[in-house]
Amino acid sequence: MTRPILTSLMVLWATSAFAHSPLNATVPANEAIVAEVPSEIVLGFKGNIRLTRVAMTHAVHEADLDLDGFSGFISEYTIPMQSMGAGTYQIEWRGLGDDGHPMSGTFSFTVQE
Amino acid sequence: MTSTGTVFVALLFQVENIRRLTVVFAMLALIATIIGFSLGGAALTGDMGGMTDPEMLGLLWSTPVGTALAYRLVGLALLILGLMLGRSGLWVSAIGGGLALWSFASVGHIPDRDIFWLDGLLLIHLAAIAVWIGILTPLKRLANISTAKAAADLGHRFGRMAVVFVPLLILAGLVMSYVLVGSIASLVGTGYGQALIVKVAVVVVLLGLAALNKLRFVPKLMNGDAHAAQHLSRSISFEWVAVIIILLTTAVLTSALTLPS
Chain Y
6 MTRPILTSLM VLWATSAFAH SPLNATVPAN EAIVAEVPSE IVLGFKGNIR LTRVAMTHAV
66 HEADLDLDGF SGFISEYTIP MQSMGAGTYQ IEWRGLGDDG HPMSGTFSFT VQE
Chain G
404 MTSTGTVFVA LLFQVENIRR LTVVFAMLAL IATIIGFSLG GAALTGDMGG MTDPEMLGLL
464 WSTPVGTALA YRLVGLALLI LGLMLGRSGL WVSAIGGGLA LWSFASVGHI PDRDIFWLDG
524 LLLIHLAAIA VWIGILTPLK RLANISTAKA AADLGHRFGR MAVVFVPLLI LAGLVMSYVL
584 VGSIASLVGT GYGQALIVKV AVVVVLLGLA ALNKLRFVPK LMNGDAHAAQ HLSRSISFEW
644 VAVIIILLTT AVLTSALTLP S
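Given below as structure tokens:
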């Protein structure tokens, strides 16, 4: 009984995070079409943030990108990524603003055949 | 909010028998505070595991959200402790309640502005609301035929005080809204502004009910009108509904909606 309640509360909280849309720019840009799989992705934020999870989905595969090399609150993240071949990559990120607001968002790019 | 308000009311109006009610509300507040903080951890990982993830909770703790949690937990603990100490402990409870209220001044949009007097205004706004909410249950409890005299007396004393603090409460709300929203265009054209309009509309209903109580039901009660107690009791129930809608709207305003830039 408590689980659905907690889950819906969590969704509410997560929705609140979207409202703050703090992302400045990404490389590759959202919905960009690129010739080859980039070796790293860049997320630039308007303010300082501590990324807590970056999940990459490609076709049916999903993997969390490694954030171990980062600490503290910064505004630009260059994160190494592994190739899963051509196709569309969906990146979902979550993080905490230095004012304590949880934030999250998604962007995607496509690698041509 | 309710527990703090009840303590304030107990001090201001020498209301008795508030201990059980206050402890229940303070416990609920404690549980809600802890769950709320854990949910912050879950929002950071995207799964329920985040609720107990020490790294995520530690990260949250290092931000103003952690500071607010500390104020609120210590405040509520003091409030409960004070209630255990009997009548003289009320002051301890009031200080605890004040700390818990202050916790709201360390997160949200007002503290983001870093304007000291604005934090002060928020605290006045919160304290006045706490007193208002705090009077509802004791007054409703008294509002029956056998204790009509006491209800009339309490309602009358509260009404006299409300003449001073309700305008202050509204003034503080207006100033904060102006600082946060800034223009009529932002008020009408943004989600934040529209939610604020909804909140103010419900506040107007609440003020209407309060005016009805003060100008009509309490005087009737003082004159020994048998139906007045029932009317007052029903009116307070409606006040509760309005208060809950206002608090929910405020929760959305302070956490979910972004300010008009």
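Chains as they are written, first to last, in the working numbering: chain Y, 6 to 118; chain G, 404 to 664. Idealized CB from N, CA, C, for every residue including glycine.
Looking at C-alpha atoms only, which residue of the options is the closest neighbour of residue i?
{"i": "T115(Y)", "options": "P33(Y), P27(Y), N29(Y)", "result": "P33(Y)"}
{"i": "V59(Y)", "options": "I46(Y), V65(Y), V42(Y)", "result": "I46(Y)"}
{"i": "D71(Y)", "options": "G77(Y), P43(Y), Q87(Y)", "result": "Q87(Y)"}
{"i": "D103(Y)", "options": "G585(G), G469(G), V644(G)", "result": "G469(G)"}
{"i": "L574(G)", "options": "R490(G), V646(G), A553(G), L525(G)", "result": "L525(G)"}
{"i": "L572(G)", "options": "G596(G), V607(G), I527(G)", "result": "I527(G)"}
{"i": "L577(G)", "options": "G443(G), L590(G), A565(G)", "result": "L590(G)"}
{"i": "G92(Y)", "options": "A37(Y), A30(Y), H106(Y)", "result": "A37(Y)"}
{"i": "I600(G)", "options": "I649(G), S640(G), L624(G)", "result": "I649(G)"}
{"i": "N29(Y)", "options": "E81(Y), Q117(Y), E67(Y)", "result": "E81(Y)"}
Apply the 10 Å Cβ neighbour rule to residue i and answer buried if 16 or more other Cβ atoms are within range, or exposed otherwise.
{"i": "M6(Y)", "result": "No answer about M6(Y) holds up, because its pLDDT of 46 lies below 50 and its placement is not dependable."}
{"i": "M108(Y)", "result": "buried"}
{"i": "M61(Y)", "result": "buried"}
{"i": "K51(Y)", "result": "exposed"}
{"i": "G632(G)", "result": "At residue 632(G) the sequence reads Ala, which differs from the Gly that was named. A632(G) comes out buried."}
{"i": "R55(Y)", "result": "buried"}
{"i": "T174(Y)", "result": "Lying outside 6 to 118, the shown extent of chain Y, residue 174(Y) is not represented and no answer is given."}
{"i": "S586(G)", "result": "exposed"}
{"i": "D456(G)", "result": "buried"}
{"i": "K602(G)", "result": "buried"}
{"i": "T111(Y)", "result": "exposed"}
{"i": "F23(Y)", "result": "With a pLDDT of 43 at F23(Y), under the threshold of 50, the modelled position of that residue is not reliable, and the figure given next carries that caveat. Label assigned to F23(Y): exposed."}
{"i": "Y474(G)", "result": "buried"}
{"i": "I604(G)", "result": "In the sequence as presented, Ile is not what sits at residue 604(G); that position holds Ala. A604(G) is exposed by the Cβ-count criterion."}
{"i": "N616(G)", "result": "buried"}
{"i": "A530(G)", "result": "buried"}
Cβ of residue i less than 8 Å from any chain G Cβ?
{"i": "L101(Y)", "result": "yes"}
{"i": "D104(Y)", "result": "yes"}
{"i": "T115(Y)", "result": "no"}
{"i": "A24(Y)", "result": "Note that A24(Y) scores a pLDDT of 44, beneath 50, so its modelled location is shaky; the value from the coordinates is reported in the next line. Yes, A24(Y) counts as interfacial toward chain G."}
{"i": "T57(Y)", "result": "yes"}
{"i": "I54(Y)", "result": "no"}
Mind checking who residue i pairs with in its DSSP beta bridge?
{"i": "E376(G)", "result": "Residue 376(G) lies beyond the range of chain G shown here (404 to 664); nothing can be said about it."}
{"i": "V606(G)", "result": "None, per the DSSP bridge assignment."}
{"i": "I518(G)", "result": "I518(G) is not bridged to any residue."}
{"i": "W98(Y)", "result": "V59(Y), G110(Y)"}
From the beta carbon of residue i, is the nearest beta carbon of chain Y less than 8 Å away?
{"i": "P467(G)", "result": "yes"}
{"i": "A446(G)", "result": "yes"}
{"i": "L486(G)", "result": "no"}
{"i": "M459(G)", "result": "yes"}
{"i": "L590(G)", "result": "no"}
{"i": "V601(G)", "result": "no"}
{"i": "L463(G)", "result": "yes"}
Does the beta carbon of residue i sit closer than 8 Å to a beta carbon anywhere in chain C?
{"i": "T62(Y)", "result": "You won't find chain C in this structure, because its protein chains are Y and G."}
Note to self: Three or more C-beta pairs under 8 Å: does that hold for the region 444-461 of chain G against the region 484-500 of chain G?
What the structure shows: no
Checklist line | At least 3 beta-carbon pairs within less than 8 Å: the region 617-635 of chain G vs the region 550-559 of chain G | finding: yes
Note to self: Under 8 Å, with one C-beta from each stretch per pair, do the region 89-103 of chain Y and the region 35-49 of chain Y reach the 3-pair mark?
What the structure shows: yes
Note to self: Below 8 Å, how does it come out for the region 533-550 of chain G and the region 624-639 of chain G: are there three or more Cβ pairs, yes or no?
What the structure shows: yes
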